[in-house]
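Novice:
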């Protein structure tokens, strides 16, 4: 069974720190990897997508993918209280739908 | 236009009612999805349409009936729901099945 694993948290970091969120997946043929942010009561918002090994940076966010280790991570630099949310890792194998992890709750204290 | 819209935002219905949820996108995406999300859980896939054809049905009870009238619209018809069907119903779209999905704001459904 295809699985995506995340620590549920909560992950607590002080304002200005780096938050590191991790995700592992079981299906080696997975091709597309996504991070979504979801505020309480709202819908998921796509913040990063990554398709090849290495790092991808977008503003304060960096996604890292290691297909050999079946591992994808999200770093949030200079964390802000507004970053407090649940972060969902999602994995897609060609021709199938997204498989979501259970999400990691991030709390950034001011 | 990079938005997925959903109506209504909130819906309260009895177990004998028939109602429909609507979703629309104008991004030219050819894949559209229905998800159900309960509190503190990840979205749970219900249906996938690809090029207006149903490609995935995740063993959803027949009281949920999807419809894709055209490439921009997706409906979810509801009939004889149970209180445990109360949840946030999310629509999403993507260019193709392998691409990133964009979610609408969701419909908060309460079944009495």
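Chains as they are written, first to last, in the working numbering: chain A, 313 to 422; chain B, 16 to 127. Even for Gly, the Cβ is constructed at its ideal location relative to N, Cα and C. Remember, it's a predicted structure, so these values are computed and weren't measured experimentally.
Between the region 81-99 of chain B and the region 25-40 of chain B, do at least 3 Cβ pairs fall closer than 8 angstroms?
Specialist: Flag = yes, the region 81-99 of chain B and the region 25-40 of chain B touch.
Novice: What residue ranges within the region 53-83 of chain B form continuous beta strand (DSSP E) runs of no fewer than 3 residues, ordered along the chain?
Specialist: Complete beta strand (DSSP E) runs here, min 3: 59-65, 68-72.
Novice: Give the single residue among 98/B, 66/B, 50/B whose Cα lies nearest to the Cα of residue 75/B.
Specialist: Walking along the second chain from the start, residue 75/B turns up at place 60. Of the candidates 98/B, 66/B, 50/B, the one whose C-alpha sits nearest the C-alpha of residue 75/B is 50/B.
Novice: Considering only residues of the region 80-119 of chain B, which uninterrupted alpha helix (DSSP H) runs meet the minimum length of 4 residues and lie entirely inside it, listed in chain order?
Specialist: None, since the region 80-119 of chain B contains no complete alpha helix (DSSP H) of that length.
Novice: With a Cβ-Cβ cutoff of 8 angstroms, do residue 321/A and residue 418/A count as a contact?
Specialist: As a first step, residue 321/A is located in the first chain; it is residue number 9 there, counting from the start. As a first step, residue 418/A is located in the first chain; it is residue number 106 there, counting from the start. Going by C-beta atoms, residue 321/A is nearer than 8 angstroms to residue 418/A.
Novice: So residue 383/A is in the beta strand (DSSP E); what residue range does that whole segment cover?
Specialist: By 1-based counting over the first chain, the position of residue 383/A is 71. Start and end: 383-388.
Novice: Could you tell me whether the Cβ of residue 346/A comes closer than 8 angstroms to any Cβ of chain B?
Specialist: Here residue 346/A refers to the residue found at position 34 when the first chain is read from its first residue. Chain B, which has a Cβ nearer than 8 angstroms to the Cβ of residue 346/A, makes this yes.
Novice: Closest by CA to residue 77/B, which one among 91/B, 68/B, 64/B?
Specialist: In the second chain, counting from the first residue as 1, residue 77/B sits at position 62. For the residues 91/B, 68/B, 64/B, the minimum Cα distance to residue 77/B belongs to 91/B.
Novice: The beta strand (DSSP E) with residue 404/A in it runs from where to where?
Specialist: On the first chain, residue 404/A is found 92 positions in, with the first residue counted as 1. Here the beta strand (DSSP E) through residue 404/A covers 397-404.
Novice: Excluding five sequence neighbours on each side, which residues of the same chain lie with their C-beta closer than 6 angstroms to the C-beta of residue 361/A?
Specialist: Here residue 361/A corresponds to residue number 49 of the first chain, with the count starting at 1. Excluding positions up to five away in sequence, the list reads 346.
Novice: Is the CB-CB distance between residue 391/A and residue 316/A below 8 angstroms?
Specialist: Within the first chain, the letter at position 79 stands for residue 391/A. Within the first chain, the letter at position 4 stands for residue 316/A. Contact: no.
Novice: Report the residue from 313/A, 331/A, 314/A, 318/A whose alpha carbon sits nearest the alpha carbon of residue 389/A.
Specialist: For the purposes of this step, residue 389/A is taken as residue 77 along the first chain, with counting starting at 1. Taking only the C-alpha atoms, the option nearest residue 389/A is 331/A.
Novice: Tell me whether residue 340/A is buried or exposed, calling it buried when 16 or more other Cβ atoms sit within 10 Å of its Cβ.
Specialist: Mapped onto the first chain, residue 340/A falls at position 28. With fewer than 16 Cβ atoms within 10 Å of its Cβ, residue 340/A is classed as exposed.
Novice: List, in order along the chain, the chain B residues whose C-beta lies closer than 8 angstroms to that of residue 355/A?
Specialist: As a working note, residue 355/A is residue 43 in the first chain. 103, 105, 118, 119, 120, 121, listed in chain order.
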